[in-house]
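Single-structure report; data block below.
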Amino acid sequence: MNEQQILLAFGGIGAAALACQWLAWRLKLPAILFLLLSGIVAGPVLGWLDPQEMFGPLLMPLVSLAVALILFEGSLTLHLSQWREIGSVVQRMVTLGALSTWLVIAVATHWLLGFDWPLAVLFGTLTLVTGPTVIVPMLRVVRPKAAVANILRWEGIVIDPIGALLAVVVYSFIIASAADDGLSQSLKTFAGVIFCGSAFGAAGGWILGQVMREQWLPEYLHNLASLAAVLGIFIAANQVMHESGLLAVTVMGMWLANMKGVDVRQILHFKENLSVLLISGLFILLAARLDLHALLGLGPAVLALLLVIQLVARPLNVALSTWGSPLNWRERALLAWIAPRGIVAAAVSAIFAIRLDEAGHEGALLLVPLTFAVIIGTVVLQSATARPLARLLKVAEPAPSGFLIVGANPPARAIAKALQEMGSRVLLTDSSWENIRAARMDGLATYFGNPASQHADAHLDLVGLGHLLGLSPAGELNALACMRFRHDFGAQRLFSLASGLELSRSDKHRASDEHRGQALGSQPLTYVQLANQLHQGAELYSTHLTEAFDWDAYRALHGERATLLFARDANGWVHVCGPDSTLKPGPGWTLLALIQQQKE
236 MNEQQILLAF
246 GGIGAAALAC
256 QWLAWRLKLP
266 AILFLLLSGI
276 VAGPVLGWLD
286 PQEMFGPLLM
296 PLVSLAVALI
306 LFEGSLTLHL
316 SQWREIGSVV
326 QRMVTLGALS
336 TWLVIAVATH
346 WLLGFDWPLA
356 VLFGTLTLVT
366 GPTVIVPMLR
376 VVRPKAAVAN
386 ILRWEGIVID
396 PIGALLAVVV
406 YSFIIASAAD
416 DGLSQSLKTF
426 AGVIFCGSAF
436 GAAGGWILGQ
446 VMREQWLPEY
456 LHNLASLAAV
466 LGIFIAANQV
476 MHESGLLAVT
486 VMGMWLANMK
496 GVDVRQILHF
506 KENLSVLLIS
516 GLFILLAARL
526 DLHALLGLGP
536 AVLALLLVIQ
546 LVARPLNVAL
556 STWGSPLNWR
566 ERALLAWIAP
576 RGIVAAAVSA
586 IFAIRLDEAG
596 HEGALLLVPL
606 TFAVIIGTVV
616 LQSATARPLA
626 RLLKVAEPAP
636 SGFLIVGANP
646 PARAIAKALQ
656 EMGSRVLLTD
666 SSWENIRAAR
676 MDGLATYFGN
686 PASQHADAHL
696 DLVGLGHLLG
706 LSPAGELNAL
716 ACMRFRHDFG
726 AQRLFSLASG
736 LELSRSDKHR
746 ASDEHRGQAL
756 GSQPLTYVQL
766 ANQLHQGAEL
776 YSTHLTEAFD
786 WDAYRALHGE
796 RATLLFARDA
806 NGWVHVCGPD
816 STLKPGPGWT
826 LLALIQQQKE
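Using the working numbering, the letters of the sequence shown correspond one by one to residues 236 to 835.
Written as structure tokens, this is what we have:
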């Protein structure tokens, strides 16, 4: 390829990656599905993209470095302190359940496709992981009950680095066995890979953690330092012991995530943005290298393997993991159906297949098309059927009516507690740890962070939430949150308090009404007004209307002292009240209003 063709290819990959990410956002489906399909169309189908010709000998080193960064980013999310918090079901799913899944897939791959045992075992580890990048978009569409959603979300977060680590260990053992004669020598080489990877990873994590904790570098260089450290540790470990680099960067991320006094949030956000860029380009390139003839040559055995993974391996995992749990059979059935494979499987299989083929393992190149077939098969099948199945099993949440509240300050906590007492689900978000801690002391669900961050896209649990309340004193943050969640909730379900400073600005210096959302309260409130009224003794009162005490009687009693905020109708749906609200509450409704003390 000449220079002009290479530039056109880069531009096409960038445009295709952006289109795939946008389409995934619009359709609420995992982006990996569209990335892989676009790569297959551009590569083996139309012949427009040939990564080998485009990059030459640089292709696999670049893929290796990209996989190292993806594994490092995934391992940064594995906090050992959360192990006790995720619940016994998730603990068993990522240990005993994962072991059973590994065993079933390995045996099925060996007998159905004729893979030798080492490759079958490796393929079993590659297809263990689900990951938040495929689970979270699916949960937003399926909207299962909170118990099921939380289990699936935590499983995806925890199994990602564990599965990658396990795949690296198995791959290292295969390489060690192939490189040396005799089992004892193979075990020594394997032990060397484990020791070298663990030692380099722990040392790299400790040194980088010390640099960050002691502020030996300015904060704006932390991201660059972490990027350089990942690449340096990966290369150094591979130089000392061949194929120990991936294990080293995985251990490094886990060490850094669990090191006391080290805040990895900024690095994690940077790595997440970098991962989106790497993943988007990487999977288009990898899919363009697929050998469709080799995949089709496997015949119906691929479909049989998919059926085993979907109907045997996953149900067995769930049966073992939920034994003795309070989950009913309907919830277990939905858990047994949802387990789409994702990014780690595709990324790691590509690099492992090339290395194993170079080491002389016959059939190793089939790992890539087979892995991609499992990814596409599970994502397509489960995306199309999970929501109808959840409705059939009656474990789908009704139309989401809960509240995502931006801000965990005292007024926001007061409103959240009142809504929770009315039976609504609430989730407060804030970047102030003091506010989050106070909300948790009040028994309120929280997310510590910016709701518009990349981290929130993967970890914010929106199941059951259908409204946004911008109750932060920072009007810009409320407007940003309304813009971010406009597609998720709809423009009619976005509400916010204006700040006094914002209202005093001219139109060209403040966010438009469209971006701020609707005003909250039958009498529009600013944050300062709400906080002052609560401080001066105003209270949030919940009142149930009856035939004897109807809407007219309520207004006659409270008059202008009451600012109506919310109204729950006889069917249990909560309506948010604004200055233009045309609600006519009747008997059976419950009203939540801010009522000022009566002047003497």
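We put the beta carbon where it would ideally sit given N, CA and C, even for glycine.
Residue burial classification, Met676 (beta-carbon count within 10 angstroms, cutoff 16): The sequence position of residue 676 within the sequence shown is 441, counting from 1. It counts as exposed.
Nearest to Leu780 (by Cα), restricted to the options Ala621, Ala802 and Ile340: Position 545 of the sequence shown, counted from the start, is the residue given in the question as residue 780. When each option's Cα is compared against that of Leu780, the closest is Ala802.
Distance, Gly678 Cα to Gln240 Cα: Start at 1 with the first residue of the sequence shown, and residue 240 comes out as number 5. Start at 1 with the first residue of the sequence shown, and residue 678 comes out as number 443. The alpha-carbon of Gln240 is positioned some 59 Å away from that of Gly678.
Whole-angstrom distance between Phe638 and Ile830, CA atom to CA atom: Walking along the sequence shown from the start, residue 830 turns up at place 595. Walking along the sequence shown from the start, residue 638 turns up at place 403. Distance from the CA atom of Ile830 to the CA atom of Phe638, rounded to whole angstroms, is 22 Å.
Beta-carbon proximity of Leu562 to Gly274, cut-off 8 Å: Within the sequence shown, numbered from 1, the residue matching residue 562 stands at position 327. Within the sequence shown, numbered from 1, the residue matching residue 274 stands at position 39. Not in contact: Leu562 and Gly274 (Cβ atoms no closer than 8 Å).
For Val809, the three-state DSSP class (helix, strand or coil): For the purposes of this step, residue 809 is identified with residue 574 of the sequence shown, where counting begins at 1. Val809 falls in the strand class under three-state DSSP.
Trp572 to Leu363 span [Cα, whole Å]: By 1-based counting over the sequence shown, the position of residue 572 is 337. By 1-based counting over the sequence shown, the position of residue 363 is 128. Taking the straight line from one Cα to the other gives about 14 Å.
DSSP three-state assignment for Glu774, whether helix, strand or coil: In the sequence shown, the residue the question calls residue 774 occupies position 539. In the structure shown, Glu774 sits in a strand (DSSP, three-state: E or B).
DSSP bridge partner residues for Thr825 (one or two, in chain order): Taking the first residue of the sequence shown as 1, we reach residue 825 at position 590. Beta-bridge annotation (DSSP): Thr825 is paired with His779 and Arg803.
For Ile397, the nearest candidate out of Leu663, Val356, Leu334 and Glu449 (CA to CA): For the purposes of this step, residue 397 is identified with residue 162 of the sequence shown, where counting begins at 1. Cα-wise, what sits closest to Ile397 is Leu334.
Asp526, enclosing alpha helix (DSSP H) - first and last residue: Position 291 of the sequence shown holds residue 526. Note, Asp526: premise wrong, no alpha helix (DSSP H); not H, not E.
Residues bridged to Ile640 (per DSSP): Sequence index remark: in the sequence shown, residue 640 carries index 405 (1-based). Answer is Leu663 and Leu704, bridged to Ile640.
Residue from Thr798, Val763 and Ala266 whose Cα sits closest to the Cα of Leu512: Within the sequence shown, numbered from 1, the residue matching residue 512 stands at position 277. Among Thr798, Val763 and Ala266, the Cα nearest to that of Leu512 belongs to Ala266.
Residue from Leu264, Leu242 and Trp260 with nearest C-alpha to Arg622: Counting from 1 along the sequence shown, the entry for residue 622 is found at position 387. Residue Leu264 is the option with its Cα nearest to Arg622.
Val661 beta carbon less than 8 Å from that of Ala651: If you number the sequence shown from 1, residue 651 lands on position 416. If you number the sequence shown from 1, residue 661 lands on position 426. Contact flag set, yes.
Separation of Ile519 from Ile248, as counted between CA atoms: One-based indexing of the sequence shown puts residue 248 at position 13. One-based indexing of the sequence shown puts residue 519 at position 284. Our two residues, Ile248 and Ile519, have alpha carbons roughly 7 Å apart in a direct line.
Cβ pair Gln617, Pro575 closer than 8 Å: Within the sequence shown, residue 617 is the residue found at index 382, counting from 1. Within the sequence shown, residue 575 is the residue found at index 340, counting from 1. With respect to the 8 Å criterion, Gln617 and Pro575 are classified as neighbours on the basis of their beta carbons.
Per DSSP, cross-strand counterpart(s) of Gln753: Counting from 1 along the sequence shown, the entry for residue 753 is found at position 518. Under DSSP, Gln753 forms a beta bridge with Phe730.
Inter-residue Cα distance where the pair is Leu400 and Pro708: Locating residue 400 in the sequence shown gives position 165, where the first residue counts as 1. Locating residue 708 in the sequence shown gives position 473, where the first residue counts as 1. Cα to Cα, Leu400 sits roughly 44 Å from Pro708.
Backbone CA spacing between Arg626 and Val324 [nearest angstrom]: Taking the sequence shown and counting its residues from 1, one reaches residue 626 at position 391. Taking the sequence shown and counting its residues from 1, one reaches residue 324 at position 89. Straight-line spacing of the CA atoms in Arg626 and Val324 works out to 23 Å.
Beta-carbon proximity list for Asn649, same chain, < 8 Å, skipping 5 on both sides: Taking the sequence shown and counting its residues from 1, one reaches residue 649 at position 414. The amino acid occupying residue 649 in the given sequence is Ala; Asn does not appear at that position. Result list for Ala649: Leu769 and Leu775, in chain order.
CB contact flag (Asn670, Ala643, <8 Å): To locate residue 670, count along the sequence shown from 1; it is residue 435. To locate residue 643, count along the sequence shown from 1; it is residue 408. Pairing Asn670 with Ala643 gives a Cβ-Cβ distance under 8 Å.
Segment contact, 8 Å Cβ cut-off, at least three pairs: the stretch 574 to 594 with the stretch 486 to 494: Remark: fewer than three beta-carbon pairs, one from each stretch, lie closer than 8 Å, so the stretch 574 to 594 and the stretch 486 to 494 are not flagged as touching.
Same chain, Cβ closer than 8 Å to Val342, neighbours up to 5 away in sequence not counted: For the purposes of this step, residue 342 is taken as residue 107 along the sequence shown, with counting starting at 1. The residues are Ala355.
Pick from Gln474, Ala582, Val393 and Arg672 that is closest to Ser299, judged by C-alpha positions: The sequence position of residue 299 within the sequence shown is 64, counting from 1. Of Gln474, Ala582, Val393 and Arg672, the smallest CA-CA separation from Ser299 is found for Ala582.
Beta-carbon proximity of Ala647 to Leu663, cut-off 8 Å: For the purposes of this step, residue 647 is identified with residue 412 of the sequence shown, where counting begins at 1. For the purposes of this step, residue 663 is identified with residue 428 of the sequence shown, where counting begins at 1. Judged by their CB atoms, Ala647 and Leu663 are nearer to each other than the 8 Å cut-off.
Cβ-Cβ distance between Ser407 and Ser479 below 8 Å: Here residue 407 refers to the residue found at position 172 of the sequence shown. Here residue 479 refers to the residue found at position 244 of the sequence shown. A contact, by the Cβ cut-off of 8 Å.
Leu348 and Ala536 closer than 8 Å at C-beta: In the sequence shown, the residue the question calls residue 348 occupies position 113. In the sequence shown, the residue the question calls residue 536 occupies position 301. Cβ atoms of Leu348 and Ala536: closer than 8 Å.
Buried or exposed (CB count within 10 angstroms, at least 16 for buried), His457: Sequence index remark: in the sequence shown, residue 457 carries index 222 (1-based). Flag for His457 reads buried.
Reduced DSSP secondary structure (H/G/I, E/B, other) of Pro286: If you number the sequence shown from 1, residue 286 lands on position 51. Here Pro286 sits in helix by DSSP.
CB of Val698 within 8 Å of CB of Arg378, strictly: Along the sequence shown, one-based indexing puts residue 698 at 463. Along the sequence shown, one-based indexing puts residue 378 at 143. Contact annotation: Val698 and Arg378 have beta-carbon atoms nearer than 8 Å.
DSSP state of Thr798 mapped onto helix, strand, coil: Start at 1 with the first residue of the sequence shown, and residue 798 comes out as number 563. If DSSP states are grouped into helix, strand and coil, Thr798 belongs with the strands.
At least three beta-carbon pairs within less than 8 Å, the stretch 470 to 486 to the stretch 426 to 436: Contact between the stretch 470 to 486 and the stretch 426 to 436 is present, with at least three C-beta pairs closer than 8 Å.
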